[in-house]
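Everything below concerns the one structure shown next.
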Amino acid sequence: AKTVYEWSRVVHQLEEYLGHSDARQLTGEDLVGWKGSMVEAGLRPKTIQDAKLAPVRAILQWGVQNKHLVSNPADGISLDVKSKQGEKKRSFTDEEAKNVLKASLAEKDPVRRWVPWLGAYSGARVSELCQLRAEDIIRIDAIWCMKFDPEAGSLKTSGSERIIPLHPALMDRDFLKFVATIKSGPLFAALSPD
C-alpha cells in the first residue's frame, strides 16, 4: 500500500509537470526536462534517481511488457548520485539538537512533541517512530522498550525489526504517561500518510 501511495504521488507530480497524463505522448526529452526541474528545485540526486525516476521507469516498463506502450521513454535516463564534497548529510550540532528538543517540549501535537525525543534517543527512522503502536511499548524484565515490528507498518529492511530500550530521558518527560492514554493502536493516529 505504501508503494502504491508513493508511486501514485510521483506519477501525479510528473503529470503536473507535463500538463497531461497520456503515457503514449511521453518522450525521453520530457523526462530529461522533468529531471532538470527537480535538480533546479534542489532535490537530492539520490531522491530524484531512486524515488522519482525509478518508479516512472518501472511503471512504463510494465506498460511495454503488457503491450500498452511500444517503448520505455525512461530507459537510459538517470542521474549521477555520487555526493560531492560538502554535500554529505551532516548531523545536528549539540546546540541544534538542544533547540529542537526544547521547542518540542512546548508542543501539544503528540507527533511534534514525541517524535523528536524518540528519534534523538533511539536513532530510529522517523517513519518507524510514526507508526509505533501502544502495544509496541513493552516491558522486558524491568526495562521499558519500543518494538519495531512489521505488523505496525513496513520496515525498510528485514534487519529493521528490533527492540530498543527507552532512554531515561523519555521516562523523565512522561512518555509512558502519554502511551498509557492511548490504550491500543497507533500512538500517532491523527498523522496523515505523508
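Under this note's numbering, the first residue of the sequence shown is numbered 2, with each subsequent residue one higher. All residues carry an ideal CB built from backbone N, CA and C; glycine is no exception.
Residue i and residue j closer than 8 angstroms at C-beta
i: ARG134; j: GLY186; result: yes
i: SER128; j: PRO117; result: no
i: PHE176; j: PRO111; result: no
i: LEU70; j: ALA121; result: no
i: LEU54; j: LYS36; result: yes
i: PRO46; j: ASP76; result: no
i: VAL57; j: VAL5; result: no
i: GLU16; j: SER22; result: yes
Alpha-carbon to alpha-carbon, residue j and residue i
i: ILE78; j: GLU7; result: 20 angstroms
i: GLN132; j: ASP95; result: 27 angstroms
i: ALA93; j: VAL65; result: For clarity, residue 93 is Phe in the given sequence; the question names Ala instead. Using only the alpha carbons, I get a separation of about 45 angstroms.
i: GLU162; j: GLN26; result: 43 angstroms
i: HIS13; j: THR48; result: 16 angstroms
i: LYS3; j: LYS148; result: 20 angstroms
i: SER72; j: GLY43; result: 30 angstroms
i: VAL101; j: ALA125; result: 16 angstroms
i: GLN50; j: GLU30; result: 16 angstroms
i: LEU192; j: TRP63; result: 33 angstroms
i: ALA197; j: MET39; result: An answer regarding residue 197 cannot be provided, because it is not within the stretch 2 to 195 covered by the chain.
i: LYS68; j: TYR18; result: 25 angstroms
i: GLU108; j: LYS184; result: 22 angstroms
i: LYS103; j: GLU41; result: 34 angstroms
Nearest neighbour of residue i, chosen from the options [CA to CA]
i: VAL180; options: CYS146, LYS68, SER193, GLU162; result: CYS146
i: THR28; options: PRO74, VAL57, ILE164; result: PRO74
i: LEU130; options: LYS103, ILE164, ASP173, ALA2; result: ILE164
i: THR182; options: GLU136, LEU167, GLU108; result: GLU136
i: ALA170; options: ALA107, LYS184, ARG140, SER123; result: SER123
i: ILE141; options: MET172, LEU167, ASP173; result: LEU167
i: LEU119; options: MET172, LYS68, GLU97, ALA107; result: MET172
Neighbour-count burial assignment, residue i, 16 or more Cβ in a 10 Å radius
i: ILE144; result: exposed
i: ILE138; result: buried
CB contact check: residue i to chain D, cutoff 8 angstroms
i: GLY77; result: Absence of chain D from the displayed structure is noted, only one protein chain being present.
Query - Sequence ranges, alpha helix (DSSP H) only - wholly within the region 25-79, length at least 4 - result: 29-41, 55-66
Requested in this report: Let me know the alpha helix (DSSP H) ranges lying completely inside the region 114-184, each 4 residues or longer, listed in chain order.
Outcome: 127-131, 169-173, 176-181
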